[in-house]
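Notes follow the structure.
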Amino acid sequence: MNEQLYSQFDDFVKGISNKDKIALIHDIDPDGICSGVVTHHALQRLRGRGIDVVHHQKPGEIPLTKKTLEVLKNKKITKVITTDKAVDQEPEIVEDIAQFADVLIIDHHKVYFDFNQRKYPHRILLMKPQILGSPVDPSRYCTSKLAYDLWSRHVDLEDVAWKACPGIVGDIAYASWKNFVDKEIKKYKGRTPKNPFDNIFGRIAELISQTECYDYRQMKKVFQILFTARRPHEVLNSSLKKYAKVIQKEIDYYAKNVKKLAEFHPGKELIFYFLKSAHNIKSNLSTILSMKYPHMTLITCADQGTFVALSLRRQDQKVKMNDLVEKALQGLEGSGGGHIPAAGGRVTKKDFLKFKKRILEML
Ligand SMILES: [Mn+2]
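Going by this note's numbering, the sequence shown opens with residue -8, and the numbers climb by one from there.
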């Protein structure tokens, strides 16, 4: 365990005051929402007031953007917390923000740039499980659980522990935190079926990501619903249901017809799936399909105007999805990254066939 880094986190927390104007930038998948909500609760308990400005970026915008920087500056933010975002992919913009605010990054993606290597005290604190010396596979030590564990060093969050659970299930990390999640399921008299996506928290995770697929601009509402909910069923029975219904129908169609609609390359253990859906269902669908085909590399693509959006999955981790997408995109117009079992990205339409050819050569 990296005791030093833990104590630097403790310093950050002790340094938070009522005068601070705190912004949170969270990712918009279930893990991003849940880790953000847990953080909001923690701040509220710490200083009697939660996050001042809750902000998120567009889907696919992994590093912090110039627009986000402007928002933070205009609102006179003094502390910035990001959850579940690999903002170290572009360290320069984080440095720019650190000119006027302290930055705390809570994340579990690959380490791209380690801000902690600087002489302490510095203004950017990078908390990732692999730097903290955790023995848990970083892709499974999802941000919701990490944020819960970190903030619990300073505040009692037990009554909202359930709010970390959809993030855990959504990031396919149920097996790593089974006791933690099962305890919460029991509290709310839920069942523990074999497929974690069928338990109450898996259903909330699905509701969150289906809403993201439907329209990412609804994520502010999702955040608020989860934050104010006193029990899981309030989220499940919320107004989000209507979006989920539309998306579920599309996902079911593509999941059911995968053999007919996708390209199978059994020799390369590869499934290539180009979707024609009007909604952004690819990452949801690939998570579902990757559990059905854990020993195949699954690449799901969707037309997004000038870009083709990409989603890569491989649950047995025999091929590293983050490396695969990063290498296949080298020199092409596009960007990508993520975890070993799950990665994403995008490539311009004109480079798409080159990208596909490279994938076929690399596998
Ligand atoms: Mn995550």
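Glycine residues also receive a C-beta, built at the ideal position from the N, C-alpha and C atoms.
- Taking C-alpha positions only, Q306 is separated from F218 by approximately 31 Å.
- For A300, the uninterrupted beta strand (DSSP E) segment begins and ends at 298 to 304.
- Here DSSP, grouped into helix, strand and coil, assigns T219 to helix.
- Judged by DSSP in its simplified three-state form, Q90 adopts coil rather than helix or strand.
- Residue environment analysis places D75 among the buried positions, since at least 16 neighbouring C-beta atoms fall within 10 angstroms of its C-beta.
- A Cβ-Cβ distance of about 6 Å is found for the pair L301 and R337, placing them in contact under the 8 Å criterion.
- Relative to ligand 1, the beta carbon of H99 is positioned inside 7 Å of a heavy atom.
- Assignment of T69 by DSSP, reduced to helix, strand and coil, places it in the coil class.
- Within the same chain, I84, D87, I88 come within 8 Å of L60 by CB-CB distance, once the 5 residues on both sides are set aside.
- The alpha-carbon of R221 is positioned some 31 Å away from that of I53.
- Here the distance from the Cβ of C25 to the nearest heavy atom of ligand 1 is not below 7 Å.
- Relative to ligand 1, even the nearest heavy atom lies 7 Å or more away from the CB of D2.
- Residue burial is scored here from C-beta neighbours: G6 has fewer than 16 other C-beta atoms within 10 angstroms and is therefore classed as exposed.
- Under the DSSP assignment, G27 falls in the alpha helix (DSSP H) whose first and last residues are 21 to 38.
- Between I290 and the set Q201, E260, L95, the nearest pair of CA atoms involves E260.
- When only Cα atoms are considered, N313 and S130 end up about 11 Å apart.
- The Cβ atoms of P157 and L137 do not sit closer than 8 Å to each other.
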